[in-house]
Structure formats: structure tokens, C-alpha cells
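Notes for the one structure printed next.
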Amino acid sequence: MGQSVSRDDFIWTYTEQPHMSRRDAIVRAHPEVRELFGIDESFKFVVVAMVLFQVFMCWLLQDASWMLIFIEAYFCGGVINHAMTLAIHDISHNTVFGNKYPLSNRFFGMVANLPIGIPISISFKKYHVEHHRYLGEDGLDTDVPTDLEAYLFTTPARKFIWLLFQPLFYAFRPLIIYKKAPSDLELINAIIQIAFDLFILQTFGMRSLLYLILGTLVAMGVHPSAGHFISEHYVFKEMQETYSYYGPWNLCTFNVGYHVEHHDFPYIPGRNLPEVRKIAPEFYNNLMTHSSWTKVLWDFVFSPNMGPFMRLKRKARVPQNFETRHALLEYYQALSRHTGFEELTRYARQWLDVNNNKKNYE
227 MGQSVSRDDF
237 IWTYTEQPHM
247 SRRDAIVRAH
257 PEVRELFGID
267 ESFKFVVVAM
277 VLFQVFMCWL
287 LQDASWMLIF
297 IEAYFCGGVI
307 NHAMTLAIHD
317 ISHNTVFGNK
327 YPLSNRFFGM
337 VANLPIGIPI
347 SISFKKYHVE
357 HHRYLGEDGL
367 DTDVPTDLEA
377 YLFTTPARKF
387 IWLLFQPLFY
397 AFRPLIIYKK
407 APSDLELINA
417 IIQIAFDLFI
427 LQTFGMRSLL
437 YLILGTLVAM
447 GVHPSAGHFI
457 SEHYVFKEMQ
467 ETYSYYGPWN
477 LCTFNVGYHV
487 EHHDFPYIPG
497 RNLPEVRKIA
507 PEFYNNLMTH
517 SSWTKVLWDF
527 VFSPNMGPFM
537 RLKRKARVPQ
547 NFETRHALLE
557 YYQALSRHTG
567 FEELTRYARQ
577 WLDVNNNKKN
587 YE
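Residues 227 to 588 (this note's numbering) make up the sequence shown, in order.
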């Protein structure tokens, strides 16, 4: 089974996360960094091309052997679908259409979601905002493993199993830690995704649909591209909370490896994150970085110093907020006020009430 991990609790810290103070310091020292904010004009075309590529692969593999389906799911579909999960990550920061059009970003996230096979885009956005705002805070940051996960997965064999089923832990952890009511957009996300899955099933068959779904599951588990799940916030250097990776996987993961830079400036598109380090190297050169996501996974499994407990945690500053925003309803209400339809409806109701009152009186 191998040597068990050496920790039996998380690393509790009583300092604030470093990203906000570093952001302020960088902006003061290098105000030109603000020019990197905005949208990535090419991003939407890359995402659409990747979605179409996966549809093409579904056509290509519709009569393939099951062995080829599994191989392609790991080496091709997994890479593309993992990239699509990270496209959803970028889209959640409104880097496609900008903060002025949040609803357009949400629906484009559903487009990026299509080849993944499982509706995740809207739910991811709902929890990811708090991962940035309340990094490591108990009960608020659902990126941190539960106590049960950390106690159970302590040996190399168990940690390997934890990595293998990491997609399930990421999916169900929020339901345990911080269960929020589903929103209207989550329902629409699910309907659109199911419709797309049925289209793939009816048009190309079960093998093509499984190619997509298996690609998603394997690429978020024991797969080189999934190394970023561990490399980003698991503590490899004492009290350093976030780590960057500057290797070649950034080319197909929208620069998610530039994770320190991303947390410092979450509204800078992934394409521009390397420029942050170039502009302000003095703020990043002293930080530990990773050179290989595969090595990160290896070290996580076999080092007794690594395990689910190796995360910084903080006491929550605010209570959990279980309210859910219904963006479409809010949009409809705002549109009604803007067009005067709300006033017209109120007048009609009053007129009908007057007539009904007259009838009742008579």
C-alpha cells in the first residue's frame, strides 16, 4: 500500500490570501498592466472550432472498435474536452463578451460545454466566483477537499484512486460542503446538453457519445492535463498558496498554468496572462513554480508529504449564502421595466380589478 501521508489536518492560516495585495502592488508599480484587461477576440473562434472538431471525431469514430474509442478518448478527446473545461473556466470570468454582457458569456459557456457531454458550465460559474473571493475559506471554497476525502485517501494506492475519480469528487463536493439551489440557467444548460447528447446518439451512435463522455472523465482524472488540479493550490513549498506552471501544456489549456497570475488578475484573458509576468517579473521570480504536471501527479501519489490535507485553509469571513440568482428572470424583469411593459401590465391588472370589483358590487 505504501507509506501513509504525514499530515492529519489541513494547514490553517490566519493571514489573508496574497492575491489582492499583490494585485494592488502590481497596479501601482506597473499601471500599464490594466491594458491587458478586456476580452480575447479570437477566443470564441477557437472554442467553436474545437466543438466542431469533436463533432467531426464523433462522425469519424461512429463505427470504430471499442479499443480505439478508449484510446482516442484518452489521447485525443480527453485533451480537447479538458481544454473545453478550461475554456468554460475562462468564460466564467466574462472574457469572451466582457462584463457588460454576462448573459452572452453564460450562453457561450453552454456552447463550450457541448462536447463535454455533462452540463457543468453554469454550476462551475456559480461556485468558481467564491473560489477566487474566499480562497481556502472553510465551507466557501469548494475546491478544497472535504475532511472525509483527506482522511480516507492517505496511501499511494488510495491517492491514485482519488485522482482517478476526481471528476466525481469535484462534481459532488459542492453538494456536501455548500449546497445551493439550482438556477434557471442551470436548467437550460442541462436541457441544451441533453439535446446535444441525444443528437450525437441518434446521428452517430453510442460509441461516439461515449467517446465524448469518457474523454471528459479520463482527462479530469489520471491524465497529464489534469495535473493542474494539484499543481494550482496544493502546498509544495511552505505557506505558498498558489503555484504557476510555465510548460507546453499551456498551449492547449488556455494558459491555466499561469495560475498565480490568474488569481492576481482574474479578469485578464488567459491569452494575456504571460504578459503579466513579463511586465512585473519582480513579483513572481521568488515564487516556486512547477515544470511538469505529470511529475506533480507522481509526487502527489508517492510522496508521504503530499495528500488531500496539503491545502491552506482559513476560517470563513462570511456565512454561506444559499440564495441563487435566476439570471433570465432578472433579465426579463429589467427588460420589462426598460420597455414599459411592466407599467402596462400593472395598469391592465388595475383595470381588470376595477371591472371585477364592479361586477362583484353589482
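No residue lacks a Cβ here, since even glycine has one placed at the ideal position from N, Cα and C.
Residue burial is scored here from C-beta neighbours: threonine 429 has fewer than 16 other C-beta atoms within 10 angstroms and is therefore classed as exposed. Uninterrupted alpha helix (DSSP H) stretches at least 4 residues long and entirely within the segment 367 to 394 occur at 373 to 378 and 382 to 390, given in chain order.
Taking all protein chains shown into account, isoleucine 420 has fewer than 16 neighbouring C-beta atoms within 10 Å of its C-beta and is therefore exposed.
Pairing glycine 343 with leucine 389 gives a Cβ-Cβ distance that is not under 8 Å. Distance check between aspartate 373 and each of Glu261, Met536 and Leu436 places Met536 closest, using alpha-carbon atoms only. Judged by DSSP in its simplified three-state form, isoleucine 414 adopts helix. Leucine 538 and isoleucine 402 have their C-alpha atoms spaced approximately 20 Å apart.
Here glycine 304 is not near methionine 283, since their CB atoms are 8 Å or more apart. Sorting Val461, Leu278, His358 and Met432 by C-alpha distance to the C-alpha of phenylalanine 296 places Met432 at the top. Assignment of leucine 513 by DSSP, reduced to helix, strand and coil, places it in the coil class. Ranked by how close their Cα comes to the Cα of lysine 326, the residues Tyr300, Gln229 and Tyr493 have Tyr493 in first place. Tryptophan 475 counts as buried, since at least 16 other C-beta atoms from the protein chains shown sit within 10 angstroms of its C-beta.
Between the C-alpha atoms of serine 291 and serine 434 there is a straight-line separation of about 11 Å. In this structure, the beta-carbon distance from tyrosine 360 to aspartate 367 falls below 8 Å. When the Cα atoms are used, threonine 311 and phenylalanine 462 turn out to be separated by approximately 25 Å.
DSSP, read as helix, strand or coil, puts arginine 540 in strand. Secondary-structure assignment with DSSP links tyrosine 493 through no beta bridge to anything. Remark: C-beta atoms of leucine 262 and asparagine 498 approach each other more closely than 8 Å. With respect to the 8 Å criterion, glycine 496 and valine 482 are classified as neighbours on the basis of their beta carbons.
Between the segment 338 to 354 and the segment 270 to 290 there are three or more C-beta pairs closer than 8 Å, enough to call the two in contact. Bounds of the alpha helix (DSSP H) holding aspartate 250 are 245 to 255.
Sequence-distant partners of proline 530 (beyond 5 residues in either direction) whose C-beta falls short of 6 Å from its own C-beta, in its chain, are Gln229, Val231 and Ser232. Excluding the 5 residues flanking it on each side, alanine 416 has same chain C-beta neighbours closer than 8 Å at Pro345, in chain order. In this structure, the beta-carbon distance from cysteine 478 to alanine 309 falls below 8 Å. Straight-line spacing of the CA atoms in asparagine 320 and isoleucine 237 works out to 32 Å. Here the C-alpha atom of glutamine 288 lies approximately 12 Å from the C-alpha atom of glutamate 298.
Per DSSP, the continuous alpha helix (DSSP H) segment holding methionine 432 begins and ends at 432 to 445.
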